[in-house]
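Going by this note's numbering, the sequence shown opens with residue 32, and the numbers climb by one from there.
Even glycine gets a Cβ: it sits at the ideal position worked out from N, Cα and C.
Just so we're clear, the structure is a prediction, and the values are computed from it rather than from any experiment.
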Amino acid sequence: MRHLRSLFFLSLLSLAVFSCKNDDPDPDPEGPTGAADIDKYAVKNASDAAAGWDITKNVTLSADTIWTLKGYIYVKNGVTLTIEPGTIIKGVKGQAGAPANADKPGTIIVEKGGKLIANGTAEKPIVFTSSKAAGQRQYGDWGGIVLIGKAKTNQPASNPFEGGIRGQYGSDDVATDNSGSLKYVRIEFAGTSLSTTANSEINGLTCYGVGSGTTLEHIQVSYSGDDSYEWFGGTVNAKYLVAFRGWDDDFDTDNGFSGKIQFGVSLRDTAVADQSSSNAFESDSDANTTGTEPFTSAVFANISVFAANGTPNAVQSSKGSGKYQAAMHLRRQTSLSIFNSVLVGYPQGLRLDDDRTLANATAGNMQLRGIVFSNMTTPVLGAGPSGHAVTNDQAIAFFDMTDSKNQKAVTLTDLLLNTANFNLTQPNFLLQANSPLLKDAVWTGKGADTFFTQTAYRGAFDGTNNWTSGWTNWDPQNTPYEVVQ
Numbered sequence: 032m033r034h035l036r037s038l039f040f041l042s043l044l045s046l047a048v049f050s051c052k053n054d055d056p057d058p059d060p061e062g063p064t065g066a067a068d069i070d071k072y073a074v075k076n077a078s079d080a081a082a083g084w085d086i087t088k089n090v091t092l093s094a095d096t097i098w099t100l101k102g103y104i105y106v107k108n109g110v111t112l113t114i115e116p117g118t119i120i121k122g123v124k125g126q127a128g129a130p131a132n133a134d135k136p137g138t139i140i141v142e143k144g145g146k147l148i149a150n151g152t153a154e155k156p157i158v159f160t161s162s163k164a165a166g167q168r169q170y171g172d173w174g175g176i177v178l179i180g181k182a183k184t185n186q187p188a189s190n191p192f193e194g195g196i197r198g199q200y201g202s203d204d205v206a207t208d209n210s211g212s213l214k215y216v217r218i219e220f221a222g223t224s225l226s227t228t229a230n231s232e233i234n235g236l237t238c239y240g241v242g243s244g245t246t247l248e249h250i251q252v253s254y255s256g257d258d259s260y261e262w263f264g265g266t267v268n269a270k271y272l273v274a275f276r277g278w279d280d281d282f283d284t285d286n287g288f289s290g291k292i293q294f295g296v297s298l299r300d301t302a303v304a305d306q307s308s309s310n311a312f313e314s315d316s317d318a319n320t321t322g323t324e325p326f327t328s329a330v331f332a333n334i335s336v337f338a339a340n341g342t343p344n345a346v347q348s349s350k351g352s353g354k355y356q357a358a359m360h361l362r363r364q365t366s367l368s369i370f371n372s373v374l375v376g377y378p379q380g381l382r383l384d385d386d387r388t389l390a391n392a393t394a395g396n397m398q399l400r401g402i403v404f405s406n407m408t409t410p411v412l413g414a415g416p417s418g419h420a421v422t423n424d425q426a427i428a429f430f431d432m433t434d435s436k437n438q439k440a441v442t443l444t445d446l447l448l449n450t451a452n453f454n455l456t457q458p459n460f461l462l463q464a465n466s467p468l469l470k471d472a473v474w475t476g477k478g479a480d481t482f483f484t485q486t487a488y489r490g491a492f493d494g495t496n497n498w499t500s501g502w503t504n505w506d507p508q509n510t511p512y513e514v515v516q
């Protein structure tokens with residue numbers, strides 16, 4: 032069996048897009064699908080290489096191969112990249128001074144009209160990970176996965192994407208647009224800043240204007256060097272998301288994102304934080320609070336967030352250059368809503384930032400219901416720029432609204448979490464019998480949407496169904512990834 036095989040080559044520079052060494056002396060020139068018309072030469076000249084390599088015809092990556100990902104790889108309009116269950120893809124860090132596109136970290140970028148079909152199974156998840164050997168992997172070893180769709184955002188059509196990704200937001204408004212399907216996928220050691228300049232980052236999984244025809248289910252982002260997940264506008268929905276030991280934020284929503292997310296868990300390493308201050312949820316409508324619609328109005332439900340089980344870490348972290356800030360930092364006119372979620376161990380619980388955000392909240396556009404805060408130094412506070420600050424009393428009054436049934440100061444021991452809940456290598460999130468989280472979920476307002484499974488419990492787990500079992504990996508640093516014979 033071939034363990035390693037080449038698919039695309041840069042003809043002039045001899046740099047592979049997806050590449051690997053082959054223990055056959057004469058690799059099959061027709062690639063893994065066996066189709067003679069597969070375009071193996073993604074780039075024809077160096078000027079194209081500088082912008083990125085293109086996949087211009089449908090391609091399938093097979094599970095009998097460990098693929099290597101170098102530079103920015105664009106899946107073009109009308110093209111589908113399919114990845115078989117159980118496939119392993121290793122991303123390479125960009126090399127400063129390398130020719131053309133090879134200076135950029137390995138990144139899959141699905142352009143508008145393109146599709147990524149990466150449907151693993153619980154038994155055979157698809158793994159995107161670092162190309163480095165076990166024990167040597169680090170945050171930001173490669174770029175990540177970027178999906179770009181045609182659903183609406185609130186950004187000017189001419190605005191560029193972050194991280195030097197080619198193209199612009201445009202003015203599309205196709206709510207049901209389909210960028211493909213990701214099921215049972217792990218993304219490890221991705222997410223990186225390309226420079227010290229603002230907006231130069233790539234996240235573990237990034238969605239720009241991705242539509243609701245796209246499927247995102249059972250995804251684990253681990254050791255991301257920036258946010259684990261970030262949505263810039265769009266309408267895509269998702270279920271069963273894991274954010275593990277991320278560097279910056281876990282769930283970052285911006286630019287008019289209006290999708291629905293149910294069942295997600297964040298488990299943090301409290302020694303690692305970003306210089307911008309790390310949050311579980313960070314949400315903006317737009318960076319300059321211009322009032323441009325649509326406002327960010329995504330709805331999350333059944334999310335469990337676990338940071339510190341001791342004193343929340345608000346000081347400079349030992350491994351990063353930043354510190355932890357808030358379980359929820361809601362700012363810049365966002366109307367993000369969160370239902371039936373438990374958040375533990377941040378210096379701040381809700382940081383309600385800017386009176387224009389408060390206006391959305393008091394108008395009923397932002398709904399926080401069935402929320403449980405535990406082990407927070409300051410459970411609820413107001414914040415904001417000069418002339419637009421929210422007072423602590425205003426923030427507390429919103430959080431404590433009678434129909435919200437929120438709790439802001441539950442003792443950690445009273446939650447009856449699993450004894451292995453904060454274990455960073457073998458966590459177990461199933462609740463103990465008689466945990467108060469097993470009941471009292473609230474499904475009013477936006478939570479009544481038929482997308483949501485109306486659980487009795489709050490948080491991502493009950494006492495019996497561990498949906499992370501089998502397909503996740505809590506120790507990817509020491510996993511020797513090889514093709515299974």
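Quiz item: Nearest-angstrom Cα distance between W278 and S231?
Solution: If you number the sequence shown from 1, residue 278 lands on position 247. If you number the sequence shown from 1, residue 231 lands on position 200. Each residue's alpha carbon lies about 15 Å from the other.
Quiz prompt | Residues that G360 bridges to, as DSSP identifies them | solution = Here residue 360 refers to the residue found at position 329 when the sequence shown is read from its first residue. Correcting the residue identity first, residue 360 is His in this sequence and not Gly. According to DSSP, residue pairing for H360 in a beta bridge involves E313, R382.
Exercise. Leaving aside the five residues before and after D315 along the sequence, list all residues of the same chain whose C-beta is less than 7 Å from its C-beta, in chain order.
Key: In the sequence shown, the residue the question calls residue 315 occupies position 284. D285, T327, R362, R363, T365, listed in sequence order.
Exercise. Find the nearest neighbour of L337 within the set E261, T388, L443, L367, judged by alpha-carbon distance.
Key: Translated into positions along the sequence shown, residue 337 becomes position 306. Rather than Leu, the amino acid found at residue 337 in this sequence is Phe. Closest option to F337, judged by alpha-carbon separation, among E261, T388, L443, L367: L443.
Self-check item: DSSP state of P507 mapped onto helix, strand, coil
Solution: Indexing the sequence shown from 1 puts residue 507 at position 476. Residue state, collapsed to three classes: helix.
Quiz item: The alpha helix (DSSP H) with Q167 in it runs from where to where?
Solution: Here residue 167 refers to the residue found at position 136 of the sequence shown. Per DSSP, Q167 lies in no alpha helix (DSSP H) segment and is marked neither H nor E.
Quiz item: N185 to G264, Cα distance in whole Å?
Solution: In the sequence shown, the residue the question calls residue 185 occupies position 154. In the sequence shown, the residue the question calls residue 264 occupies position 233. Taking C-alpha positions only, N185 is separated from G264 by approximately 7 Å.
Quiz prompt | Residue span of the alpha helix (DSSP H) that contains D204, given as start and end | solution = In the sequence shown, counting from the first residue as 1, residue 204 sits at position 173. No alpha helix (DSSP H) holds D204; DSSP gives it neither H nor E.
Exercise. Pull up the distance between the alpha-carbon of G415 and that of G102, whole angstroms please.
Key: Residue 415 sits at position 384 when you count from the first residue of the sequence shown. Residue 102 sits at position 71 when you count from the first residue of the sequence shown. Here the C-alpha atom of G415 lies approximately 39 Å from the C-alpha atom of G102.
Exercise. Assign P507 to buried or exposed, taking buried as 16 or more other Cβ atoms, counted over all protein chains shown, within 10 Å of its Cβ.
Key: Taking the sequence shown and counting its residues from 1, the one referred to as residue 507 is at position 476. So P507 counts as buried.
Quiz item: So what's G476 in DSSP terms, helix, strand or just coil?
Solution: Along the sequence shown, read from residue 1 onward, the residue named residue 476 stands at position 445. Looking at G476 - three-state DSSP - the assignment turns out to be helix.
Exercise. Could you tell me which of F404, A127, A420 sits nearest to A390, measuring between CA atoms?
Key: As a first step, residue 390 is located in the sequence shown; it is residue number 359 there, counting from the start. The option with the nearest alpha carbon to A390 is A420.
Exercise. Please go through the same chain and pick out, in chain order, the residues whose beta-carbon is closer than 6 Å to the beta-carbon of E157, but skip the five residues on each side of it.
Key: Here the question's residue 157 lines up with position 126 in the sequence shown. Per the sequence presented here, residue 157 reads as Ile, with Glu not at that position. Once the five neighbours on either side are set aside, the close Cβ partners of I157 are I114, T118, A149, G151, V216.
Quiz prompt | At least three beta-carbon pairs within less than 8 Å, the region 238-253 to the region 300-313 | solution = No contact exists between the region 238-253 and the region 300-313.
Practice problem: Can you give me the start and stop residues for the beta strand (DSSP E) that T251 sits inside? | Solution: As a working mapping, residue 251 is identified with position 220 in the sequence shown. Note that residue 251 is Gln in the sequence shown here, rather than Thr. Annotation: the continuous beta strand (DSSP E) that includes Q251 extends over 246-253.
Practice problem: Enumerate in chain order the residues of its own chain whose CB-to-CB distance from G476 is below 6 Å, with the five nearest sequence positions on each side excluded. | Solution: Walking along the sequence shown from the start, residue 476 turns up at place 445. Cβ neighbours of G476 beyond the five flanking positions: Q398.
Quiz item: What does L92 pair with, by DSSP beta-bridge criteria?
Solution: Within the sequence shown, numbered from 1, the residue matching residue 92 stands at position 61. Its beta-bridge partners are I114.
Quiz item: What residue from N333, G478, G501, P458 has the CA that sits closest to G395's CA?
Solution: For this step, residue 395 is matched to residue 364 along the sequence shown. Distances from the CA of G395 to each of N333, G478, G501, P458 were compared; the closest alpha carbon is that of G478.
Quiz prompt | V74 in three-state terms, based on DSSP | solution = As a first step, residue 74 is located in the sequence shown; it is residue number 43 there, counting from the start. Caution applies to V74, whose pLDDT of 33 falls short of 50 and renders its modelled position unreliable; the value that the coordinates give is listed next. In the three-state scheme derived from DSSP, where H, G and I count as helix and E and B as strand, V74 is classed as strand.
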